[in-house]
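Report on the structure given below.
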Amino acid sequence: SGFRDKAAAPCHRCQRRPKAAEMSPELDRLQRYLDGMGKTLLDGDWDGYQQFIDLPYTLITEHSTDYMPTAEALRERFFAFHEMLIFQKVTQYVRLAESAAALCDTLIVGRFTTHVIAGSYRTVPPFSSTVTLRADRDGRWRAVSGTTALSNMNWPNKISQIDQPLEGTNDD
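What follows is the structure, given as structure tokens:
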């Protein structure tokens, strides 16, 4: 697994893809991380997903702090999230990097916005999150913690679907 070299995601404001020269190495690394990890979540690829997480992992939401010290705890959370994506009929799970900063050679903190889309409808409004990535001994970047602004206390097990068509669509 690992990062694939591909163009960065489009700007969430103007939809223009930044040129490689416009992105800092940290922002580029974060976007590639988000793209790869997001694909494993949408695809239900547990083996691939594990390559993006360093245990123990901590997820902080508005209402809870979830500490996952073992692969089994992480696996339970992973499949709960994946099943939620299936239940919501999610077709696109897009996370767009907004900022990233290196704290040292082996730590990056980044902020991103998540868009969860089923067809041409959002299942939830876009929400902001942060992630802390740490380079392992092999130079792979893995998340050690995340924080999300999504305030649903049952996240990720239950998210009510909202009917919010995407701008510019005529999905009847």
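For any residue, its number in this note's numbering is found by taking its place in the sequence shown, counting from 1, and adding 209.
Every residue, glycine too, gets a C-beta built ideally from N, C-alpha and C.
As the structure is a computational prediction, the values presented were derived from the model and not from experiment.
Taking only the alpha-carbon atoms, compute the straight-line gap between Glu-292 and Leu-342 and give it to the nearest angstrom.
-> 25 Å
Helix, strand or coil at Asp-237 according to DSSP, with G and I counted as helix = helix
CB contact flag (Asp-263, Asp-345, <8 Å) = yes
Expressed to the nearest angstrom, what Euclidean distance is found between the alpha-carbon atoms of Asp-372 and Thr-270?
-> Because the pLDDT of Asp-372 is 46, which lies under 50, any placement of that residue in the model is unreliable, and the number read from its coordinates should be weighed accordingly. The alpha-carbon atoms of Asp-372 and Thr-270 are separated by roughly 24 Å.
Residues bridged to Val-340 by DSSP?
-> Gly-319 and Gly-355
Gln-259 lies in the alpha helix (DSSP H); which residues open and close that run?
-> 255-259
Candidates Arg-304, Val-303 and Arg-320, of which the one nearest Ala-311 by Cα = Arg-320
Verify whether the separation of the beta carbon atoms of Tyr-302 and Val-325 is less than 8 Å.
-> yes
Ordered list of beta strand (DSSP E) runs contained in the segment 266-324, each at least 3 residues = 274-277 and 301-313
Leaving out five residues before and five after Thr-339 in sequence, what residues of the same chain have Cβ atoms less than 6 Å from its Cβ?
-> Arg-320 and Thr-356
Expressed to the nearest angstrom, what Euclidean distance is found between the alpha-carbon atoms of Ile-317 and Ser-354?
-> 11 Å
Coil, strand or helix - Asp-252 by DSSP | helix
Under a Cβ-count criterion, where at least 16 other Cβ atoms within 10 Å of its own Cβ denotes burial, should Asp-256 be classed as buried or exposed?
-> exposed
In this structure, does DSSP put Asp-263 in helix, strand or coil?
-> strand
Using the C-alpha atoms, what's the distance from Leu-305 back to Arg-238?
-> 12 Å
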